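Residue numbers (numbering that gives the first Met the number 0), protein chains in the order written: chain H, 0 to 151; chain P, 0 to 151; chain Y, 0 to 151; chain Z, 0 to 151.
A virtual CB, placed ideally from N, CA and C, is assigned to each residue, including glycine.
Keep in mind that this is a model prediction, so the values were computed, not measured.
Number of protein chains: 4
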Amino acid sequence: MAPPLSVSQWFNTAGPLTLEALRGRVVVLHAFQMLCPGCVAHGLPQAQAVHRQFAGDEVAVIGLHTVFEHHDAMTPVSLAAFLHEYRIGFPVGVDARGADGGDVPTTMRADGMRGTPTLVAIDRAGRIRVHAFGRVEDLAVGALIGRLLVAP
Amino acid sequence: MAPPLSVSQWFNTAGPLTLEALRGRVVVLHAFQMLCPGCVAHGLPQAQAVHRQFAGDEVAVIGLHTVFEHHDAMTPVSLAAFLHEYRIGFPVGVDARGADGGDVPTTMRADGMRGTPTLVAIDRAGRIRVHAFGRVEDLAVGALIGRLLVAP
Amino acid sequence: MAPPLSVSQWFNTAGPLTLEALRGRVVVLHAFQMLCPGCVAHGLPQAQAVHRQFAGDEVAVIGLHTVFEHHDAMTPVSLAAFLHEYRIGFPVGVDARGADGGDVPTTMRADGMRGTPTLVAIDRAGRIRVHAFGRVEDLAVGALIGRLLVAP
Amino acid sequence: MAPPLSVSQWFNTAGPLTLEALRGRVVVLHAFQMLCPGCVAHGLPQAQAVHRQFAGDEVAVIGLHTVFEHHDAMTPVSLAAFLHEYRIGFPVGVDARGADGGDVPTTMRADGMRGTPTLVAIDRAGRIRVHAFGRVEDLAVGALIGRLLVAP
C-alpha cells in the first residue's frame, strides 16, 4: 500500500488531499523539484499531459515537491511562482521535512524514492503498482494508466 | 469487425498475415505512405515504439502501405529501400489496388480511411475499437493499448 | 552604444565584468529570469550553445538575471542553485534594482528591454546591433554573430 | 575551387544552374538522398530554413540528389513526389551517373563527398570554404554563412 502523503502546504486545491479519499481512482504521483532539469523538461509536462488526457474522476494527478537539496533555493514562495509561470494546474503538495531536520523529506523517505523525477502509480485500491525514477516514455505511462483503469 | 487485409506484397514477415490468425492479440494497424511527412516524422516512429514496448504475443504491430497518390513514386521497390533505411522491423503489407484501377487501394477503402497516417486499433476479438486519422499522442495510444490488453 | 551593466552580484566569474573591458569582442547578452519557461527551454540552451561554439576571446556570452516580477521567488540564493543544476557555465550578473524600488531592474530599464528572454548583440566597438525579445532561431543568431565577427 | 555541378535533371528552377552563374553569392549546397533519414529529419529542414532566412540574391541554396545506393528506389519520379510532399522550394539537381556506371554519381565523386547529408559552403568567389558530412548545428551553419556574407 502507498504510504500516506505528508504534506506541509498545498497548492491548486481547495483543501488537503489524502490517498484514502482518492480510493477508487487511479493516482499518478509525480515527485519533482522545481530546479530539477529533467522534471521541468519531461516529468512535469508529462504530468500535465496526463492531467489533460484523463477525466479527473478516473485519474488523479498529484505533484509532490520533494526537495532534498538546495532547500533555501526551493522554498514554497519560489514554488508558487514556478507553478504560476509553468501553468501547472493539478494539485501540488510540499513534502514535509521531518522533525529530525534531515535533508530528505518525509513522504520521499517513506516511499523509498531515489531522486527526482519519480513517478508513482497507485491503483484504485491504493496499492503502488509502478515506482519509476527518471524518464519514462509517454507510451509506457499511457499503457500503465490504461491497464489500471480497466484492471479489477 | 475489422475488414480483412487485402495485401499484394508483404515485407518483414515469413508469410502473409491475416487478422483472423492474430485473434487473441491486440492489433495496431498503422496505415502510411512512405512519402507522407507526418507518417515519417510521427506515425512510423510511434509504431516502432509500440513494437518495442509490448510483447509480440500480446500486441501485433502491422504497417499497411496505403498508397493513394503518387503511385509511380511509391512502388514496392522504393518501399523496400525505405523500410531498410528507416530500420522498420515490424511486418508491412502493400495495400492491394482494386481491379477497377481506382487510386485508393482496397483495404483503405474497405476500412473507410481518410488519409495517412491512420491508426486502427483492433481488440483481441477482432473488433475495431479506435480509428484515428492524423497525429495521436503517445500517451493516448499507450492508454488505448493498455485498456485493450486488460479489457474482457 | 550599449548602456553599462548595472549588476549587484556576479556568478561564474572571478570579478565584475564591464562592457568596456570586453571591447574588441562580440558580446552576446542574454537577459533571462530563472522561472521564465521560454528562457529555460530556449534562451539559455541557446546561450550555452553560443558559449560552446565560439572562442571566448572572440565572443563573450553574458547572462543577465533581469527579475521584474516574483522578486521573492527569484533571489540570488535561488539563482545560484538554478545555475548549478542547469550547468550554466558562462558569467551571469544579477541586474541591480534601482534606488526607487521599482520592479524593473536598472540595466533592463536602461536598455529598454520588454521582457525575457531578450538577446542583445553588441559589436566589437560596443554598439548594440540587435535587440530581440522572445525566441530567435539558432540560424539567425549564428548568422548575426558570424557577421559581427568579420564586420569592420 | 568547387568543381562544376554535373546534373542530369533539375527541379524547382526554370533552367539549369551553374556555380559560375552564381558567383557573387554565397552558395549552400545540400547533398542528400530522399531515403536518408538524417537528411529528411535534419539536413533538408535546415536547408529550407537557410532558404527562408537569407535573401536569394545573397545566399543560393541548392539541393543535390546524390544517389549512391538503392538507385531503383530513388529515381527522379520518386524524387519529384518527395519534393512535392516535403514542400521543398529551392532548386534541386539530380547528380548525374557517370559513363562508367559506377554507383557514386559524378559531382559527389568530384567533390569527394563521403555520404549524405553533406553540406558544402561556397564563397562569393566560388571557393569551397566548408565541407561537412553529417549533422551540423544551425548555430554553426548560421555563423558560417554570416562570415561568408561579410568576408572580403
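Check                                                                                                                                                                        : Outcome
In three-state terms, what does DSSP make of THR106(Y)?                                                                                                                      : helix
Over what stretch of residues does the beta strand (DSSP E) that includes LEU63(H) continue unbroken?                                                                        : 58 to 64
With PHE81(P) as the anchor, note down where its alpha helix (DSSP H) starts and where it stops.                                                                             : 75 to 84
Determine whether the Cβ of ASP137(Z) lies closer than 8 Å to any Cβ atom of chain Y.                                                                                        : yes
Could you tell me the distance, in whole angstroms, from the CA atom of PRO36(Z) to the CA atom of GLY133(Z)?                                                                : 11 Å
Compare the C-alpha of ALA54(H) against each of ARG24(H), ALA30(H), VAL135(H), PRO44(H) and name the closest.                                                                : ARG24(H)
By the DSSP assignment, the beta strand (DSSP E) with GLY92(Z) in it spans what residues?                                                                                    : 91 to 94
List the residues of chain P that LEU4(H) touches, going by C-beta distances under 9 Å, in chain order.                                                                      : None at all; the shortest Cβ gap to chain P is about 24 Å.
For the region 86 to 105 of chain Y and the region 7 to 20 of chain Y, state whether three or more C-beta atom pairs, one from each stretch, are separated by less than 8 Å. : yes
Can you give me, in chain order, the residues of the region 38 to 55 of chain P that have a beta carbon less than 9 Å from any beta carbon in chain Z?                       : VAL39, ALA40
Buried or exposed: VAL105(Z), going by 16 or more other Cβ atoms within 10 Å of its Cβ?                                                                                      : Note that residue 105(Z) corresponds to Thr in the displayed sequence, not to Val. Buried, by the Cβ-count rule.
On a Cα-Cα basis, can you pick out the residue from LEU4(Y), ARG22(Y), GLY97(Y) that is closest to HIS29(Y)?                                                                 : LEU4(Y)
Of all the CB atoms in chain Z, is at least one closer than 8 Å to the CB of VAL159(P)?                                                                                      : Nothing can be reported for residue 159(P), as the shown portion of chain P is limited to 0 through 151.
Can you pull the chain Y neighbours of ALA79(H), defined as C-beta to C-beta under 8 Å?                                                                                      : ALA72
Is there contact here, the region 132 to 148 of chain H with the region 105 to 118 of chain P, by at least three beta-carbon pairs under 8 Å?                                : no
Taking only the alpha-carbon atoms, compute the straight-line gap between ASP122(H) and VAL27(P) and give it to the nearest angstrom.                                        : 26 Å
Below 8 Å on the Cβ atoms is my contact criterion, and I expect ASP2(Z) with ASP110(Z) to pass it. Report the Cβ-Cβ distance as a whole number of Å.                         : In the sequence under discussion, the amino acid at residue 2(Z) is Pro, which differs from the Asp named in the question. Confirmed, Cβ separation roughly 6 Å.
HIS29(P) bridges to which residues according to DSSP?                                                                                                                        : GLY62(P), LEU118(P)
Sort out for me which residues DSSP pairs PHE10(Y) with in a bridge.                                                                                                         : VAL91(Y)
What whole-angstrom Cβ distance do ARG51(Z) and GLY125(Z) have, given they're in contact under 8 Å?                                                                          : Not really, about 24 Å apart at Cβ, beyond 8 Å.
Assuming LEU34(Z) contacts MET73(Z) (C-beta within less than 8 Å), just tell me the rounded distance between them.                                                           : 6 Å
Which residues does DSSP pair with PHE132(Y) in a beta bridge?                                                                                                               : THR117(Y)
Between which two residues does the alpha helix (DSSP H) harbouring GLY100(P) extend?                                                                                        : That residue, GLY100(P), is in no alpha helix (DSSP H); it is neither H nor E in DSSP.
Start and end of the alpha helix (DSSP H) containing PRO44(P)?                                                                                                               : 43 to 52
At a Cβ threshold of 8 Å, is LEU143(H) touching chain P?                                                                                                                     : yes
May I ask which residues mark the beginning and end of the alpha helix (DSSP H) holding VAL149(Y)?                                                                           : 137 to 149
Do you know whose CA, among ALA59(H), VAL39(H), VAL49(H), VAL60(H), lies nearest LEU78(H)'s CA?                                                                              : VAL39(H)
Measuring alpha carbon to alpha carbon, tell me which residue in GLY97(Z), VAL76(Z), VAL58(Z), HIS41(Z) is nearest TRP9(Z).                                                  : VAL76(Z)
HIS83(P) to ASP102(H), Cα distance in whole Å?                                                                                                                               : 52 Å
Using the C-alpha atoms, what's the distance from VAL60(Y) back to ARG146(Z)?                                                                                                : 19 Å
Report buried or exposed for ALA46(H), applying the criterion of at least 16 other Cβ atoms within 10 angstroms of its Cβ.                                                   : buried
Quick check on this structure: which residue in GLY88(Y), ARG96(Y), HIS69(Y), ALA98(Y) has the alpha carbon closest to the alpha carbon of VAL49(Y)?                         : GLY88(Y)
Counting only Cβ pairs nearer than 8 Å, list the residues of chain Y close to PRO36(H).                                                                                      : GLU84, TYR85
How many angstroms separate the CA atom of MET112(Y) from the CA atom of THR65(Y)?                                                                                           : 9 Å
Within a Cβ cutoff of 7 Å, which residues of the same chain sit near THR115(H), ignoring the five residues on either side of it in sequence?                                 : ALA30, PHE31, GLN32, CYS35, CYS38, THR65
Our contact map puts ALA150(H) next to VAL149(P) with C-beta atoms below 8 Å; I'd like the distance itself, whole angstroms only.                                            : 5 Å
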